[in-house]
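Protein chains in written order, with the working numbering: chain A, 1 to 324; chain B, 1001 to 1156.
C-beta atoms are modelled at their ideal positions from N, C-alpha and C, and glycine is treated no differently.
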Amino acid sequence: MRPFAYERAADADAAVRAMGDGARYLGGGTNLVDLMKLGVETPERLIDVARLAHDAIEETPEGGLRIGAAVRNSDVATGALVRERYPVLAQALLAGASGQLRNLATVGGNLLQRTRCSYFQDVSKPCNKRAPGSGCPAREGEHRNLAILGHSEACVATHPSDMAVALTALGATVHVRGRGSTERAIPMPGLHRLPDAEPQRDTVLEPGDLITAVELPPLPWATRSAYRKVRERASFSFAVVSVAAALDVSDGVVRDCRIALGGVAHAPWRAARAEEALRGQPAGEDAFAAAADAELAAAQPLRDNGYKVPLARNVIVRTLQELV
Amino acid sequence: MEAEITLRINGDEHRVSVDTRTTLLDLLREHVGLTGAKKGCDHGQCGSCTILIDGRRATSCLALAVAHDGAELTTVEGLADDGELSPLQAAFIEHDAFQCGYCTPGQLCSATAVLAEARAEDATLDADEIRERMAGNICRCGAYPNIVAAIADVAS
Chain A
1 MRPFAYERAA
11 DADAAVRAMG
21 DGARYLGGGT
31 NLVDLMKLGV
41 ETPERLIDVA
51 RLAHDAIEET
61 PEGGLRIGAA
71 VRNSDVATGA
81 LVRERYPVLA
91 QALLAGASGQ
101 LRNLATVGGN
111 LLQRTRCSYF
121 QDVSKPCNKR
131 APGSGCPARE
141 GEHRNLAILG
151 HSEACVATHP
161 SDMAVALTAL
171 GATVHVRGRG
181 STERAIPMPG
191 LHRLPDAEPQ
201 RDTVLEPGDL
211 ITAVELPPLP
221 WATRSAYRKV
231 RERASFSFAV
241 VSVAAALDVS
251 DGVVRDCRIA
261 LGGVAHAPWR
271 AARAEEALRG
281 QPAGEDAFAA
291 AADAELAAAQ
301 PLRDNGYKVP
311 LARNVIVRTL
321 QELV
Chain B
1001 MEAEITLRIN
1011 GDEHRVSVDT
1021 RTTLLDLLRE
1031 HVGLTGAKKG
1041 CDHGQCGSCT
1051 ILIDGRRATS
1061 CLALAVAHDG
1071 AELTTVEGLA
1081 DDGELSPLQA
1091 AFIEHDAFQC
1101 GYCTPGQLCS
1111 ATAVLAEARA
1121 EDATLDADEI
1131 RERMAGNICR
1141 CGAYPNIVAA
1151 IADVAS
């Protein structure tokens, strides 16, 4: 690991002021420290933001929740109000990583974790995300677990976060402190971007931007929500495909719904076409399958990951069925 | 770059000067002489380095020591009470919950925290729940059935 200087920011503005070339914000370190060991990240300075005061889960006046960026993943997952109002979020968090990692990992860090594409993590290989312009060996190489939606010539990586898939379904807002003490609110989906020609940019954040909180809007029917994740083993593994869904059904008809997919794209994927196809339909397998097909019509599987298309379809249908 | 930090480890205060790159795992093993926590993968994937940081289980291989200045650490060496094994340690022996033993310190620290987490959440620890909560601790000898039995024994 390359030598680096360490400093602890007193508050968000101080952290943003301290940020500059060669510096990285440090949350729980579960991804960043790992990437530093691998040589993928070589910061000269770490600015520790894990002990900033953004460490609470609070009710908003509108009836939603505001979750500080430094709250640990395990504390979000076990938060009483999170479990009661947004079960999909608690389930998504518990489906990710291990108990040890969830105790370290922060909400802000979870959102900004990097892809686990094996070429990105191996500095001996070309990778447009790590070394722009060097090429993407995954396109013709090992891509069984990479993207089927929204990928580009330059990059076929997937976003690894489970939490972000739930936040995308729920329509969360990400609060960001930027240079000059500016505040911004970025809706999800909208924080993470598709790779296009610039896969080195995972998100729309600007240099210096610091995530301070995630806000969940009031969504009373999200009490009927769930996260289902398919992995290569029963636990402690990244998603092959995952689905976050919430369903508002009355008299057997879908009044509203939220569906987002994980493990299929460079960003958590809001299934807006599926949602549109499902609203007003009878809540049942036929309508769920038609909605899934409406979304997955845009899928462009690679040579070895075509299996993810029927898998995603089946996981969408099963998740929605369980919510009825 | 060097940094001076203070940690309370198994009840004793330690003032240590470390390179900022030092993880808690390396600090324990190389600077404090506590070799109970093991280096397996060194990437947070195997759980053999699990310790308790301020009472919560964590992979010490991914925790930078400098970021945990002032923390209270418990390692496997701190689980016994004045030479008397903790109920979980005794259950691991009773149930033969290991073969080579390399993952055992991490299993014990992790399981100690699992019992506390389940109490705090009022969750029932059946075999499936134990397996899910212990998923971050790999045992290449495959002693899982006996590890689960040992934890279930103490949980009940």
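Please report the Cβ distance between residue 305 of chain A and residue 146 of chain A, rounded to the nearest whole angstrom; I am assuming they are in contact, meaning their Cβ atoms lie under 8 Å.
Against the first sequence, residue 305 of chain A aligns to sequence position 305. Against the first sequence, residue 146 of chain A aligns to sequence position 146. Indeed they touch by this definition, with Cβ atoms about 6 Å apart.
What does DSSP give as the partner residue(s) for residue 282 of chain A in the beta ladder?
Here residue 282 of chain A refers to the residue found at position 282 of the first sequence. DSSP output for residue 282 of chain A lists A:253 as bridge partner(s).
Taking residue 274 of chain A as the reference, which of A:292, A:283 and A:284 has the closest Cα?
As a first step, residue 274 of chain A must be located in the first sequence, where it is residue number 274. When each option's Cα is compared against that of residue 274 of chain A, the closest is A:292.
Report yes or no: is there a C-beta of chain A within less than 8 Å of the C-beta of residue 1029 of chain B?
Residue mapping note: residue 1029 of chain B aligns to position 29 of the second sequence, counting from 1. So, not an interface residue.
Hey, does residue 125 of chain A have any beta-carbon neighbour from chain B nearer than 8 Å?
Reading the first sequence from its first residue, position 125 is the one you call residue 125 of chain A. So, not an interface residue.
I need the straight-line Cα distance from residue 1087 of chain B to residue 1112 of chain B, nearest angstrom please.
Numbered from 1 along the second sequence, position 87 holds the residue referred to as residue 1087 of chain B. Numbered from 1 along the second sequence, position 112 holds the residue referred to as residue 1112 of chain B. Cα to Cα, residue 1087 of chain B sits roughly 10 Å from residue 1112 of chain B.
Any idea what DSSP makes of residue 86 of chain A, helix, strand or coil?
Along the first sequence, one-based indexing puts residue 86 of chain A at 86. Three-state DSSP puts residue 86 of chain A in coil, outside helix and strand.
Contacting residues, own chain, Cβ-Cβ under 6 Å from residue 1092 of chain B (five flanking each side not counted):
If you number the second sequence from 1, residue 1092 of chain B lands on position 92. Closer than 6 Å at Cβ, skipping near neighbours: 1150.
Quick check: the region 167-182 of chain A against the region 131-146 of chain A, are there 3 or more CB pairs under 8 Å?
no
So, are the CB atoms of residue 1077 of chain B and residue 1010 of chain B less than 8 Å apart?
By one-based count along the second sequence, residue 1077 of chain B stands at place 77. By one-based count along the second sequence, residue 1010 of chain B stands at place 10. The answer is yes: Cβ separation under 8 Å.
I'd like the span of the alpha helix (DSSP H) that includes residue 319 of chain A, first residue to last.
Looking up residue 319 of chain A in the first sequence gives position 319. Per DSSP, residue 319 of chain A belongs to the alpha helix (DSSP H) from 308-323.
Could you check the C-alpha separation between residue 1110 of chain B and residue 1082 of chain B for me, to the nearest Å?
Sequence index remark: in the second sequence, residue 1110 of chain B carries index 110 (1-based). Sequence index remark: in the second sequence, residue 1082 of chain B carries index 82 (1-based). Those two C-alpha atoms are separated by around 21 Å.
Bridge-paired residues (DSSP) for residue 29 of chain A
The residue labelled residue 29 of chain A in the question sits at position 29 within the first sequence. Residue 29 of chain A pairs with nothing; no bridge assigned.
Quick one: which residues of the region 1061-1090 of chain B get their C-beta closer than 8 Å to a C-beta of chain A? List them in chain order.
1062, 1063, 1064, 1066 and 1067
Helix, strand or coil at residue 1031 of chain B according to DSSP, with G and I counted as helix:
By 1-based counting over the second sequence, the position of residue 1031 of chain B is 31. In this structure, residue 1031 of chain B counts as helix in the three-state DSSP scheme.
Measuring from the CB of residue 1139 of chain B, is there a heavy atom of the ligand MG at a distance below 7 Å?
The ligand MG is not part of the structure shown, which contains no ligands of any sort.
For the region 1122-1142 of chain B, enumerate the residues whose C-beta is nearer than 9 Å to any C-beta of chain A, in chain order.
1131, 1132, 1133, 1134, 1135, 1136, 1137 and 1138
Spatial neighbours of residue 213 of chain A within its chain, please: CB distance less than 7 Å, with the 5 preceding and 5 following residues excluded, ordered by chain position.
As a first step, residue 213 of chain A must be located in the first sequence, where it is residue number 213. Excluding residues within five positions, the ones whose Cβ falls inside 7 Å are 54, 66, 67, 68, 69 and 175.
Kindly indicate if chain B contains any beta-carbon less than 8 Å away from that of residue 26 of chain A.
If you number the first sequence from 1, residue 26 of chain A lands on position 26. By this cut-off, residue 26 of chain A is an interface position.
Give the secondary structure of residue 37 of chain A by DSSP, where H, G and I count as helix, E and B as strand, and everything else as coil.
Walking along the first sequence from the start, residue 37 of chain A turns up at place 37. Reduced to three states, the DSSP call for residue 37 of chain A is helix.
On a CA-only basis, which of B:1056, B:1008 and B:1001 is nearest residue 1116 of chain B? Give me that one, please.
For the purposes of this step, residue 1116 of chain B is taken as the residue at position 116 of the second sequence. Of the listed residues, the one whose Cα sits closest to residue 1116 of chain B is B:1056.
Within chain B, the residues that residue 111 of chain A reaches when beta carbons sit closer than 7 Å:
For this step, residue 111 of chain A is matched to residue 111 along the first sequence. Within 7 Å Cβ-Cβ: nothing; residue 111 of chain A doesn't reach chain B, min ~18 Å.
For residue 38 of chain A, I'd like the list of residues in its chain whose CB is within less than 6 Å of its CB, leaving aside the five on either flank, ordered along the chain.
As a first step, residue 38 of chain A is located in the first sequence; it is residue number 38 there, counting from the start. Excluding residues within five positions, the ones whose Cβ falls inside 6 Å are 121.
According to DSSP, residues forming a beta bridge with residue 1017 of chain B
Here the question's residue 1017 of chain B lines up with position 17 in the second sequence. The partner list for residue 1017 of chain B (beta bridge, DSSP) reads B:1004.
DSSP state of residue 208 of chain A, grouped into three classes?
As a first step, residue 208 of chain A must be located in the first sequence, where it is residue number 208. In this structure, residue 208 of chain A counts as coil in the three-state DSSP scheme.
State whether the region 41-54 of chain A contacts the region 88-95 of chain A, with contact taken as three or more CB pairs (one from each stretch) at a distance under 8 Å.
As far as the Cβ criterion goes, the region 41-54 of chain A does not touch the region 88-95 of chain A, which means the pair count is below three.
Within-8 Å CB hit, residue 1042 of chain B to chain A:
Here residue 1042 of chain B is taken as the residue at index 42 of the second sequence, counted from 1. Judged by the 8 Å Cβ criterion, residue 1042 of chain B is in contact with chain A.
Grab the span of the alpha helix (DSSP H) containing residue 102 of chain A for me, first residue to last.
As a working note, residue 102 of chain A is residue 102 in the first sequence. 99-104 is the extent of the alpha helix (DSSP H) around residue 102 of chain A.
Chain B beta carbons: is any one of them nearer than 8 Å to that of residue 218 of chain A?
Here residue 218 of chain A refers to the residue found at position 218 of the first sequence. No, no contact with chain B.
Separation of residue 133 of chain A from residue 283 of chain A, as counted between CA atoms:
What you label residue 283 of chain A is simply residue 283 of the first sequence in a count that begins at 1. What you label residue 133 of chain A is simply residue 133 of the first sequence in a count that begins at 1. In a straight line, the C-alpha of residue 283 of chain A is about 47 Å away from that of residue 133 of chain A.
Under 8 Å between C-beta atoms, does residue 235 of chain A make it to chain B?
Stepping through the first sequence from its first residue, residue 235 of chain A is reached at position 235. With 8 Å as the cut-off, residue 235 of chain A counts as an interface residue toward chain B.
Hey, would you say residue 42 of chain A sits closer than 8 Å to residue 71 of chain A, going by beta carbons?
By 1-based counting over the first sequence, the position of residue 42 of chain A is 42. By 1-based counting over the first sequence, the position of residue 71 of chain A is 71. Cβ atoms of residue 42 of chain A and residue 71 of chain A: not closer than 8 Å.
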